[in-house]
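Q:
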Amino acid sequence: MNEAIIFDLDGVIVSTDHYHYRAWKEIADREHVPFDEERNGLLRGVSREKSLEILLELAPRTYSAEEKKQLAEEKNKIYRQLLQELTPADILPGVLTWIDEAKEKGLRIAIGSSSKNTDFILERIGLSDTFDAVVTGADVEHSKPAPDIFLLAAERLGAGPEQCWVIEDAPAGIVAAKAAGMKTIGVGEFVQNSGADRWALTLGEAKL
Ligand code: G16
Ligand code: MG
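Quick note, in full-length UniProt numbering, the sequence shown goes up one by one and the last residue is 208.
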């Protein structure tokens, strides 16, 4: 079988970073936790629950499991509201060309995202019916940097890990793909030194 491509969602297909930031910032300010764009970078690619743990490392007090659950829910509510602003025009440069070329070559394509909002995001940007498989943080117990999301995507594509290329913008995603035994293409400044097999600043400049 031909090779397969597994695309990360946030940061590769569409840039939702700033929406995540705005939503977490609202929670952080209210809880008097120092939080800025730089700390937001630490949350890239990891699950919502893990993101909250990282954010609360600088909190002036401790939180119960119930309080954390509520904070994560509130963040998601704010985030989902902001996602309403997304349109197909937000698809990142190079993405549609990659998808078209993969289809022309008969390669199977999947989404492998930590985000439990994946279906909503794909709907907003008009790519709901584009991929052969979509695997998200809702489908697995362990999110990135664990390999589970990518392994399940490969399984659903009917591909072996060694046939899969993973395209990722986050260090946690590169670690996850390597742990899955897959080849990696790092995209963007945050994975320039993450040990990806190939790297480019944008997907438009990346080559398979
Ligand atoms: C994305 C983002 C992360 C976010 C995670 C969970 O992962 O990069 O910052 O924390 O999803 O998102 P949600 O709160 O929507 O479930 P990916 O893997 O698509 O880059
Ligand atoms: Mg990402």
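Just so it is clear, CB atoms sit at the ideal spot from N, CA and C, and this is done for glycine as well. Since the model is a prediction, treat every value here as computed from it, not as a measurement.
Can the beta-carbon of Ala-133 be found less than 8 Å from the beta-carbon of Ala-146?
A: Taking the sequence shown and counting its residues from 1, the one referred to as residue 133 is at position 133. Taking the sequence shown and counting its residues from 1, the one referred to as residue 146 is at position 146. No, the pair does not count as a contact, with Cβ atoms beyond the cut-off.
Q: Would you tell me roughly how many angstroms separate the C-alpha atoms of Thr-87 and Phe-120, rounded to the nearest one?
A: Residue 87 sits at position 87 when you count from the first residue of the sequence shown. Residue 120 sits at position 120 when you count from the first residue of the sequence shown. Answer to the nearest angstrom: the Cα atoms are 11 Å apart.
Q: Would you mind working out which of Gly-137, Val-33, Lys-178 and Gly-41 sits nearest Thr-62, comparing C-alpha positions?
A: Stepping through the sequence shown from its first residue, residue 62 is reached at position 62. For the residues Gly-137, Val-33, Lys-178 and Gly-41, the minimum Cα distance to Thr-62 belongs to Val-33.
Q: Where do the N-terminal and C-terminal ends of the alpha helix (DSSP H) with Gly-173 fall, by residue?
A: The residue given as residue 173 occupies position 173 in the sequence shown. Start and end: 171 to 179.
Q: For ligand 1, is there a heavy atom less than 7 Å away from the beta-carbon of Lys-116?
A: Residue mapping note: residue 116 aligns to position 116 of the sequence shown, counting from 1. Under cutoff, so the answer is yes.
Q: Just how far apart, CA to CA, sit His-18 and Arg-48?
A: Start at 1 with the first residue of the sequence shown, and residue 18 comes out as number 18. Start at 1 with the first residue of the sequence shown, and residue 48 comes out as number 48. Going from the Cα of His-18 to the Cα of Arg-48 covers about 15 Å.
Q: Decide if Glu-168 is buried, meaning its Cβ has at least 16 other Cβ atoms within 10 Å, or exposed.
A: Locating residue 168 in the sequence shown gives position 168, where the first residue counts as 1. By the 10 Å Cβ count, Glu-168 comes out buried.
Q: Note down the Cα distance separating Phe-131 from Ile-99, rounded to an integer number of angstroms.
A: Position 131 of the sequence shown, counted from the first residue, corresponds to residue 131. Position 99 of the sequence shown, counted from the first residue, corresponds to residue 99. Cα to Cα, the separation comes out at about 9 Å.
Q: How many Å lie between Ala-114 and Glu-101 at the Cα?
A: Working through the sequence shown from its first residue, we reach residue 114 at position 114. Working through the sequence shown from its first residue, we reach residue 101 at position 101. Note that residue 114 is Ser in the sequence shown, not Ala. Distance between the alpha carbons of Ser-114 and Glu-101: 25 Å.
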